[in-house]
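To start, the structure under review is shown below, and the notes come after it.
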Amino acid sequence: MNTAISTAAPASQQLTSALLYLDGVSVSFDGFKAIRGLSLTIEPGEMRAIIGPNGAGKTTMMDIITGKTRPDTGTVLFAGSIDLTKLDEAAIANLGIGRKFQKPTVFDFHSIEDNILLALKANRSVGRTLFWKTANADARRIDEILGIIKLGDARERLAGSLSHGQKQWLEIGMLLAQDPKLLLVDEPAAGMTDGETAETAVLLKEIARDHSVIVVEHDMGFIRELGVKVTVLHEGSVLAEGPLDLVSANERVVEVYLGR
Amino acid sequence: MIARFLLQNMDRRGAVFLALVAAIMLLVPLSNLLLPPSSVFHVPTSAMSLWGKYLCFALLAISLDLVWGYCGILSLGHGAFFALGGYAMGMYLMRQIGSRGVYGNPILPDFMVFLNWKELPWYWYGFDSFLFAMLMVLLVPGLLAFVFGWFAFRSRVTGVYLSIITQALTYALLLAFFRNDMGFGGNNGLTDFKDILGFSVQAQTTRAALFAITCLMLMAGFLIARGIVVSKLGKVVIAIRDAESRTRFLGYRVDRFKLFVFTVSACMAGVAGALYVPQVGIINPSEFAPANSIETVIWVAIGGRGTLVGAALGAVVVNYAKTIFTSGFMAPYWLFALGGLFVFVTLFMPKGILGAVQGWSAGRGRRGREPAATAPAAAE
Ligand SMILES: Nc1ncnc2c1ncn2[C@@H]1O[C@H](COP(=O)(O)OP(=O)(O)O)[C@@H](O)[C@H]1O
Ligand SMILES: [Mg+2]
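Read top to bottom, the protein sequences are chains A and B. According to the working numbering, the first sequence is numbered sequentially starting from 3. According to the working numbering, the second sequence is numbered sequentially starting from 208.
See below:
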């Protein structure tokens, strides 16, 4: 079997060093091109901010990466060789891609603690889940995450009773529990007070130390706070890319987005 | 490990339910067998069998609650699994008649002789063995549910569409079992049973034993269903009910989890059907009637969806009411009464009878710790 390694199929070869590689991706809904020729590369360990006006295709891009939407054309590779367009949501999640939704989606009828437990990295098979017993290490990790998202005191409350901002944090906590390689965070600061927004930026920077992160956000202050490379999406493709100051000085960007 | 699984996080409600069923299991048969008919505490055999029937419905209701209350799969075809379990038991009971049938054929049931059949169809083989028949009680509904669920859940059929195809499933089986050439007794079904495991099905002692076994199976069914819903798998299943696609993005294969609870539930419904048949003495295609499956949904809704205990309670209460109602001059209005009750409970007791009772006894202060006691009405 050892000799097989040298003759490994091309599919398993590293095609790119990028953690996430999108090239020429297009998708249309009933003839409307939501994404057109989108190309984007995220390096391992990188945090990237994505901005763009409403309807630019930011959420749709995340749908494509996480298997919710199949692109019509284009390449989507994870970890250099895994074709994400061939996999379904669960398989992609198990590869290590976690997602926080634009509209915070938590399990309203579960306690906060159970929301984290469900997200906690573990074998997801039916049998293992049926006979699951929370080990001490798992319990500690849950405590730790509850501490990070500042919901430790509310752990037994139903998630449905949380405020919008708290739900956002719970969802970030669930992402942490999944311990993915790549986090897709869709508008984490939406509906937050200025104070909460600032705290969220700190939290995300903390997370970005040992994870790759893509953050979609409208709040310019928030993006500035993150201080990372910015990609501007417009009508389904990349309009500009670079440091925030450079991008916001770009005439086209000002025209379509910042200057509206 | 099994005991730990079944008894993990036993709450007071579950314990009360188990104690109640255990008490009924002992007291009813004992009073029937030991007390003289003149005693006020004597339970007549007919009443015992009637209550045995209610308890079979309670088990059916628990099985439905497992998929509907916890996983959001509104099956309008659970009567089919119940009926298939019943037919498997009926086939065993038919084979036990032997040469005591009207035509005296040692192998063929009367209806086959009547149809001029010369040989036992292959799918009747083995049903002379009790063990084999009991295996089929689990396997036939389980396998049907598995195959059906495999296709339905993988293609992500949900909500109303799923409900409609489950209804179509039971309707198709109704039509099939009506046909004489299917070999299940057609319109008349299977009846005139004589023995079960060598004991006369009519004997008072047999009836008492059947009643006790029904109680035992109800407890077992409850323990299994409860074990499932309080496990982490149960939490996943509730998550699927409330936010299916979110669960997928966490890496759970939703179709497999649905398939698991659906299949377990179908097996449980099959057992309920198998216990029902010797106690009522007949199984015919009307058990597949779509209306039966819908009634089961109503029992669960009335008793309290997503509570298991409530489902059992609803089945007993509604069927007891039905017996009272349909034995008097009001009989023609039963369906209106049932419909009215359903509307009343939906409007004024959204958590069913159990929810209302618990609400009154616990006051308003305590919010439910039961994960599913608060199943959202809008989950469908
Ligand atoms: N499933 C869908 N069906 C039809 N149109 C869609 C669908 N998803 C997104 N769109 C359209 O695609 C465009 C991009 O949407 P979206 O990705 O949500 O934008 P953003 O997140 O950047 O605000 C919008 O015009 C939206 O209406
Ligand atoms: Mg969006």
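We put the CB at the ideal spot given by N, CA and C, even for glycine.
Residues of chain A with a Cβ closer than 7 angstroms to the Cβ of residue 450 of chain B are, in chain order, 107 and 109. For the segment 292-379 of chain B, the continuous alpha helix (DSSP H) assignments of 4+ residues that do not extend past its boundaries occur at 317-321 and 337-361, in sequence order.
Taken in chain order, the members of the segment 76-106 of chain A whose beta-carbon sits within less than 7 angstroms of a beta-carbon on chain B are 91, 92, 95, 96 and 101. Chain B places no beta carbon closer than 8 angstroms to that of residue 61 of chain A, leaving this residue out of the contacts. With a contact defined as Cβ atoms closer than 8 angstroms, residue 185 of chain A and residue 147 of chain A miss out at about 14 angstroms. When Cβ pairs closer than 8 angstroms are counted between the two stretches, the segment 456-470 of chain B is seen not to touch the segment 256-268 of chain B, the count staying below three.
By the criterion of at least three beta-carbon pairs nearer than 8 angstroms, the segment 292-300 of chain B is in contact with the segment 386-404 of chain B. Residue pairing from DSSP places residue 50 of chain A in a beta bridge opposite A/216 and A/231. With the criterion CB distance below 7 angstroms from any heavy atom of ligand 2, the matching residues run A/60, A/61, A/104, A/188, A/189 and A/218 along the chain. Taking the Cα of residue 101 of chain A as reference, the smallest distance to any Cα among A/171, A/46 and A/229 is reached at A/171. From the beta-carbon of residue 180 of chain A, the residues of chain B found nearer than 8 angstroms are 457 and 458. Between residue 192 of chain A and chain B, the shortest Cβ-Cβ separation is not below 8 angstroms. Closer than 8 angstroms to the CB of residue 463 of chain B there is at least one CB belonging to chain A. Judged by DSSP in its simplified three-state form, residue 101 of chain A adopts strand. Counted as a single uninterrupted DSSP element, the stretch harbouring residue 38 of chain A is not any alpha helix (DSSP H) but the beta strand (DSSP E) occupying residues 34-44.
Comparing alpha carbon positions, the residue from A/179, A/169, A/180 and A/214 closest to residue 192 of chain A is A/169. The beta carbon of residue 116 of chain A falls within 8 angstroms of a beta carbon belonging to chain B, placing the residue at that interface. Between ligand 1 and the CB of residue 39 of chain A, the shortest heavy atom gap is not smaller than 7 angstroms.
Using a cutoff of 7 angstroms, the CB of residue 31 of chain A counts as near ligand 1, since one of the ligand's heavy atoms is closer than that.
Beta-bridge annotation (DSSP): residue 243 of chain A is paired with A/233.
Taking 7 angstroms as the cut-off, one finds no heavy atom of ligand 1 near enough to the beta carbon of residue 193 of chain A. According to DSSP, residue 113 of chain A shares a beta bridge with A/160.
A/216 is the residue among A/142, A/216, A/152 and A/254 whose C-alpha sits nearest the C-alpha of residue 44 of chain A. Remark: C-beta atoms of residue 73 of chain A and residue 128 of chain A do not approach each other more closely than 8 angstroms.
The bridge partners DSSP lists for residue 80 of chain A are A/22 and A/84. Between residue 478 of chain B and residue 266 of chain B the beta-carbon gap is near 7 angstroms, inside 8 angstroms, which marks them as a contact. Listed in chain order, the non-local C-beta contacts of residue 512 of chain B below 7 angstroms within the same chain comprise 272, 275, 276, 559 and 582, local neighbours out to five positions each way being set aside.
For residue 121 of chain A, the nearest CB of chain B lies under 8 angstroms from its own CB, placing it at the interface with that chain. Relative to the non-hydrogen atoms of ligand 1, the Cβ of residue 224 of chain A never comes closer than 7 angstroms to any of them. Scanning chain B for C-beta atoms nearer than 8 angstroms to the C-beta of residue 171 of chain A yields nothing, as the closest lies near 16 angstroms away. In terms of Cα proximity to residue 240 of chain B, the closest of B/415, B/488 and B/470 is B/415. When Cβ pairs closer than 8 angstroms are counted between the two stretches, the segment 313-323 of chain B is seen not to touch the segment 369-383 of chain B, the count staying below three. Under the 10 Å beta carbon count, residue 219 of chain B is surrounded by fewer than 16 other beta carbons and is classified as exposed. In the structure shown, the three-state DSSP call for residue 272 of chain B is helix. With 16 or more neighbouring CB atoms inside 10 Å of its own CB, residue 60 of chain A falls in the buried class.
By the criterion of a C-beta distance shorter than 6 angstroms, residue 533 of chain B is surrounded in its chain by 541, once the five residues flanking it on both sides are discounted.
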